[in-house]
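At position 34 of the sequence shown (counting the first as 1) the number is 34 in the numbering used here, and the numbers step up by one without a gap.
For glycine and all other residues, C-beta sits at the position ideal for the given N, C-alpha and C.
A quick note: this is a predicted structure, and the numbers were derived from the prediction, not measured.
Quick notes on the structure that follows.
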Amino acid sequence: MTAAHFDLLLVGAHLATMRAGEMPYGTIRDGAVGIRGGVIAWVGRQADLPRDAVAMQRLECDGTWLTPGLIDCHTHLVYAGNRAREFERRMLGATYADISREGGGIAATVSATRAASEQDLAAQSLPRLAAMAAEGVTTVEIKSGYGLETSAELMQLRVARELSAELDVGVRTTLLAAHALPSEFTGRADAYIDYVCRDTIPAAARAGLADAVDAYCENIGFTVEQVARVFAAARAHGLRVKLHADQLSDMGGAAAAAAASALSADHLEYTSDAGVAALAGAGTVAVLLPGAFYALRETVVPPIAAFRREGVPMAIATDCNPGTSPTTSLPLMLNMACTLFGLSPEEALAGATVHGARALGLADRGTIAPGLRADLACWAVAEPAELAYRIGGGANVAVIRGGNVAFWNA
Ligand code: DI6
Ligand code: FE
């Protein structure tokens with residue numbers, strides 16, 4: 001077979017490859033993409049396509065834009081119930097921390113999730129993953145953290161894997177057992193961390209259900225010392241780590257994540273200059289979550305200028321969760337990352353593609369380049385800035401996942 005045989009050939013598209021180079025967005029106008037064996041085999045200007053190119057299937061993109069499939073690198077989308085009542089209370093003045101201290105918040109979702117059957121949990125979560133997939137997302141990270149007990153944590157991770165198989169969407173699972181203190185351990189946070197390290201992490205690793213381990217480092221979560229113990233247990237089981245860091249206060253979370261060579265540190269509203277420098281030194285990705293910032297009506301913005309100055313890659317994600325970010329829309333987050341945090345539309349798109357992949361440790365996706373997985377999204381926009389300019393979606397018209405056409409309305 002020669003290099004000019006493709007399973008699928010996309011023509012008549014402008015490409016936002018997101019590869020580094022001279023053109024913003026790695027743009028190739030009037031481009032084509034050849035796919036073979038689920039992998040991108042050829043990328044370039046359509047005029048440069050090999051003369052003898054033959055394809056089993058050829059699709060005309062009609063002047064639309066192709067981007068890498070979007071990557072949502074931080075979600076908690078497997079959970080039961082919802083927290084609309086708490087939203088009502090917060091709108092009357094209660095804070096997220098107030099509700100958490102009163103036993104609501106994460107604990108309310110833990111009760112609902114523990115009470116659900118695996119089947120029910122999957123049924124409630126599936127529409128959320130489907131909604132993401134319908135907006136151009138081809139890889140999603142899904143955390144546990146609403147079981148807070150080994151078997152319930154593993155059930156969440158299993159459901160995440162089941163949904164991936166059912167919808168043919170790429171999923172990376174993250175064990176977030178150190179999300180909150182379950183009521184059985186009230187006043188005994190260190191004992192709970194012991195349990196997570198001795199029971200939950202080994203069980204998840206043994207079952208092969210976790211791709212990474214996360215923790216919630218916050219004054220309403222766990223301390224830097226407790227997080228360090230979780231990270232040590234993760235490392236002992238060969239698992240990479242990431243951290244919810246400095247969301248509501250500066251706990252030194254970014255530096256703790258960097259010290260553990262974390263894949264990512266997430267939120268980072270209160271991260272200090274020293275924290276930013278530590279992330280830069282470790283090559284840890286800063287994951288920005290404008291949905292949670294918006295929903296909590298936060299006023300302290302992550303240190304974007306410092307991330308830029310220090311060269312810390314910035315990813316963007318939904319943080320899809322029932323308490324602080326009840327959204328499934330990554331395109332909406334592109335807009336919010338610009339309007340709320342001051343990212344450029346190009347930085348925002350990079351955050352949901354190339355840097356999202358890096359935040360998950362995935363080297364096989366995130367740009368449109370030969371050799372990478374053929375995960376592509378097609379958008380009815382006149383230019384790529386329109387993706388972030390729109391306040392929430394509506395432009396995604398086709399998706400290719402692993403070389404297969406998931407849907408095609410281009
Ligand atoms: N991620 C989280 O884990 C908590 N905040 C955030 O941004 C929210 C979880 C919840 O309230 O259910
Ligand atoms: Fe989160």
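The way I'd put it, the stretch 59-76 does touch the stretch 383-401; three or more beta-carbon pairs between them come closer than 8 Å. If you look at Ala282, you'll find it isn't in any beta strand (DSSP E); it sits in the alpha helix (DSSP H) that goes Asp273 to Ala282. Nearest Cα to Leu77 within the set Leu349, Thr324 and Thr367: Thr324. Within the same chain, Thr17, Arg19, Ile40 and Val43 come within 8 Å of Ala369 by CB-CB distance, once the 5 residues on both sides are set aside. For Asp319, the distance from the CB to the nearest heavy atom of the ligand FE is below 7 Å.
Beyond the five residues adjoining it in sequence on each side, Leu121 comes within less than 6 Å, by CB distance, of Ala80 and Val159 in the same chain, given in chain order. Closest by C-alpha distance to Val11, out of Gly26, Gly34, Tyr25 and Leu92, is Gly34. By the criterion of at least three beta-carbon pairs nearer than 8 Å, the stretch 92-111 is not in contact with the stretch 326-341. Secondary structure within the stretch 281-330: the beta strand (DSSP E) runs of 3 or more consecutive residues, fully enclosed, are 285-288 and 314-316 (chain order). In this structure, the alpha-carbon of Asn82 lies about 26 Å from that of Lys242. DSSP links Ala265 through a beta bridge to Leu243 and Ala286.
Out of Ala115, Tyr216 and Gly281, the CA that lies nearest to the CA of Lys143 is found in Tyr216.
DSSP, read as helix, strand or coil, puts Ile28 in strand. Beta-bridge annotation (DSSP): Arg401 is paired with Asn404. As the crow flies, the alpha-carbon of Ala180 is around 6 Å from that of Gly221. The count of Cβ pairs closer than 8 Å, one atom from the stretch 367-382 and one from the stretch 341-349, stays below three, leaving the stretches out of contact. Out of Val300, Ile193, Gly38 and Ser125, the CA that lies nearest to the CA of Arg161 is found in Ser125.
The shortest CA-to-CA distance from Glu347 to any of Val381, Phe307 and Leu360 is the one to Phe307.
Ala286 places its beta carbon 8 Å or farther from that of Leu296.
DSSP, reduced to helix, strand and coil, places Val227 within a helical segment of the structure shown.
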